[in-house]
Amino acid sequence: MKTTFLYRLLFVAVIASFSFSSCIEPVEETKVDYYKKMTDYMKANNLDLNNMTTQWTIDAKDVAAAPANFFIIDLRSAADFAAGRIQGAVNSTLPNILETAKNAGSKQIVVACYTGQTAALGNVALRLSGYPTSKILKWGMSSWNTTLDRWTPNISDRALNHANWSTTNAIVPSVNFALPTFEAVDTTGAGILKERVAIMLAKGYGAMSVSANDVLTTPTNYFINNYWTAQNVTDHGHIKGAYRINEELTLAADGFKKLNPNQTIITYCWTGQTSALVTAYLTVLGYENAKSIGFGANALVNSTLKANKWAATNSGSYPLSTN
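Going by the working numbering, the sequence shown opens with residue 1, and the numbers climb by one from there.
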């Protein structure tokens, strides 16, 4: 009898437990909108795209006038750095640039590379990480000494008279696209941004660039943005099918909705330096397939350009140090 009673008691307890638990509503975990968290933080701390492009380049002549006034981070290979560099420059890599920058003290940070394009990525990382006045050496070390010129072999007129070079007006897309989604470990705006900057630096310039010839040959494979003014497009034309999203492309204006995150987003400008900067920023925002056209319009219509045109005279004769 005692055993039967215990079984009945246990049965009643199980049924009661089931009834009680079934009345409790399941608690849904709050989903974090990492993009919004991060971009709200960026807007509140003057880290919009237009703050990346404010006084962000410096000419070789200005550095040469007083190199000791600058903390110069050279991102070229160790071998090329050893062979000749700006006096006082320190060698680093893109993934380590933020660690290297900690040694700048009160000096103005200048980032140098071969052509100014990789340096643009590093400069975005610096400006998003507490170095709002950092700059790149315009045209890279190619502008420092003629022996280092990597621009001349890469300029061309391949787009002139090409079927995929258009003279019609480039337009802003008439529709809005969904914003990127991504995951992060941290849930604070600052922490998410730090993670995204590290991801961008780890990708590097090679993964975020594309040749002018590839895009010109098959423009329909890409979502192309000509990062020029309307007048620039009128003067020079653009790749067929390209949009022109420039002034609208800020967090404040909600302009990133004009970019399709599901396509490979190609940005191009005059030299590839600004478009590399924009591409780095887009990658931080979660546009994982963003790329910059290497050498920009200089690789497409160099001879027709007046401003921002690479010419032999852009390469200087400033001294190279090996000490």
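C-beta: ideal position from N, C-alpha, C; glycine also. It should be emphasised that the depicted structure is a prediction, and the values quoted were computed from it without experimental measurement.
If you count every other CB in all the chains shown that lies within 10 Å of the CB of residue i, and 16 or more means buried, which is it?
{"i": "P319", "result": "exposed"}
{"i": "L160", "result": "exposed"}
{"i": "Q273", "result": "buried"}
{"i": "P261", "result": "buried"}
{"i": "I171", "result": "exposed"}
{"i": "S174", "result": "exposed"}
{"i": "V185", "result": "exposed"}
{"i": "P153", "result": "exposed"}
{"i": "D110", "result": "It is Val, not Asp, that sits at residue 110 in the sequence shown. The residue is buried, with at least 16 neighbouring Cβ atoms inside 10 Å."}
{"i": "N298", "result": "buried"}
{"i": "G122", "result": "buried"}
{"i": "G116", "result": "buried"}
{"i": "T271", "result": "buried"}
{"i": "V32", "result": "exposed"}
{"i": "T168", "result": "exposed"}
{"i": "T313", "result": "exposed"}
{"i": "N46", "result": "exposed"}
{"i": "S315", "result": "buried"}
{"i": "A230", "result": "exposed"}
{"i": "T57", "result": "buried"}
{"i": "N246", "result": "buried"}
{"i": "A311", "result": "exposed"}
{"i": "S134", "result": "buried"}
{"i": "S275", "result": "buried"}
With a threshold of 8 Å on Cβ separation, who are the neighbours of residue i within its own chain once the five nearest residues in sequence on each side are excluded?
{"i": "T322", "result": "A82, A83, G84, R85"}
{"i": "N51", "result": "R127, P132"}
{"i": "A112", "result": "I72, I73, D74, L75, R76, I86, A89, A119, I136, L137, G140, M141, W144"}
{"i": "L305", "result": "H236, W270, A297, N298"}
{"i": "A60", "result": "L137, K138, W139, S143, W144, G316, Y318"}
{"i": "L277", "result": "M52, T53, W56, A120, L121, N123, V124"}
Report the three-state DSSP secondary structure of residue i (helix, strand or coil).
{"i": "Y114", "result": "coil"}
{"i": "D48", "result": "coil"}
{"i": "V90", "result": "strand"}
{"i": "Y268", "result": "strand"}
{"i": "V175", "result": "coil"}
{"i": "A101", "result": "helix"}
{"i": "N226", "result": "strand"}
{"i": "A311", "result": "coil"}
{"i": "Y325", "result": "Nothing about residue 325 can be reported from this structure: the residues present for the chain run from 1 to 323 only."}
{"i": "V185", "result": "coil"}
{"i": "D62", "result": "helix"}
{"i": "A290", "result": "strand"}
{"i": "H236", "result": "helix"}
{"i": "S303", "result": "helix"}
{"i": "D80", "result": "helix"}
{"i": "T152", "result": "helix"}
{"i": "R244", "result": "coil"}
{"i": "Q263", "result": "coil"}
Who are the Cβ neighbours of residue i in its own chain at under 6 Å, not counting the five residues just before and after it?
{"i": "L282", "result": "A290"}
{"i": "Y287", "result": "P180, P261, I265"}
{"i": "Q263", "result": "F223"}
{"i": "P219", "result": "N164, I239, K240, G241"}
Quick check: is any heavy atom of the ligand FAD less than 6 Å from the C-beta of residue i?
{"i": "E183", "result": "In terms of ligand content, the structure shown is empty, and the ligand FAD therefore cannot be addressed."}
Taking 7 Å as the limit between beta carbons, can you name the residues of its chain near residue i, skipping five residues before and five after?
{"i": "K43", "result": "L251, A252"}
{"i": "V197", "result": "A125, L128, S129, V284"}
{"i": "T279", "result": "M208, T267, A290, K291, S292"}
{"i": "L94", "result": "L75, T118, L121, G122, L201, G204"}
{"i": "S211", "result": "G294"}
{"i": "F70", "result": "V63, K107, Q108, V110"}
{"i": "L249", "result": "L49, G255, F256"}
{"i": "A190", "result": "Y41"}
{"i": "N308", "result": "W270, T271"}
Between the stretch 221-228 and the stretch 150-167, do three or more beta carbon pairs fall short of 8 Å?
no
Report yes or no: do three or more beta-carbon pairs, one from the stretch 251-265 and one from the stretch 174-181, lie closer than 8 Å?
yes
Using 8 Å as the cut-off, can you tell me whether the stretch 88-107 makes contact with the stretch 145-154, which would need three or more C-beta pairs spanning the two stretches below that distance?
no
Determine, using beta-carbon pairs with one atom in the stretch 35-45 and one in the stretch 55-68, whether at least three such pairs fall under 8 Å.
no
Threshold first: 4 residues or longer. Then list the alpha helix (DSSP H) segments lying entirely within the stretch 188-218, N to C.
189-207, 212-217
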